[in-house]
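Chemist: Sequential numbering of the sequence shown, starting at -2, is according to the working numbering. Glycine is no exception: its CB is placed at the ideal position from the N, C-alpha and C atoms. Got a structure for you, written out below as structure tokens; questions coming shortly.
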Amino acid sequence: MPCATVARLLWLPCLLALPLAAPAQDTGVTRNAALAIPATPITSRTALDAYVRDTPPENSPLNWLTPGARRRFLDTLVYREHGLGGMRLADLRYELTRGQAYTLLRLFGAQDYAIDLDAR
């Protein structure tokens, strides 16, 4: 085996130990705030009001919507005896990705509706 090959093989473990990229600097911005998803779905206007009142805005998927879209979406929620009975999804379709819409709709136990939304 040529000496150059042996030298390369001996240096291989040293090269693998080096970082491939410089570590990212901390910019002080929290990229993944802990989302507040209730253990049980929101099934009434009273439960929604309590969620909005008690959840910091930065932890709520509802705040991914613009204020107007959030108001329109919340105003279209229809509650029935066993929970959510209907809603308009237009603002979710235009303002959120499918993954964001899925997470937001989890608040109401209606995440399956996100499957039918067009990806933004």
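Which value, in whole angstroms, describes the spacing of the CA atoms of A44 and L32?
Modeler: In a straight line, the C-alpha of A44 is about 17 Å away from that of L32.
Chemist: Do R77 and L114 come within 8 Å of each other at the CB atom, strictly closer than that value?
Modeler: no
Chemist: For a test of the three-state rule: what should DSSP assign to G118, helix, strand or coil?
Modeler: No information on residue 118 is available, as it lies outside the stretch -2 to 117 that the chain covers here.
Chemist: Taking the straight line between their C-alpha atoms, what separation do you get for L93 and T40?
Modeler: 22 Å
Chemist: Leaving out five residues before and five after L59 in sequence, what residues of the same chain have Cβ atoms less than 6 Å from its Cβ?
Modeler: R67
Chemist: Would D51 pass as a contact of R69 if the rule is Cβ separation under 8 Å?
Modeler: no
Chemist: Taking only the alpha-carbon atoms, compute the straight-line gap between G83 and P38 and give it to the nearest angstrom.
Modeler: Going from the Cα of G83 to the Cα of P38 covers about 14 Å.
Chemist: Pick helix, strand or coil for L74, following the three-state DSSP scheme.
Modeler: coil
Chemist: So if DSSP puts G128 in a beta bridge, which residue, or which two residues, is it bridged to?
Modeler: Any property of residue 128 remains undetermined from this structure, which presents the chain solely from -2 to 117.
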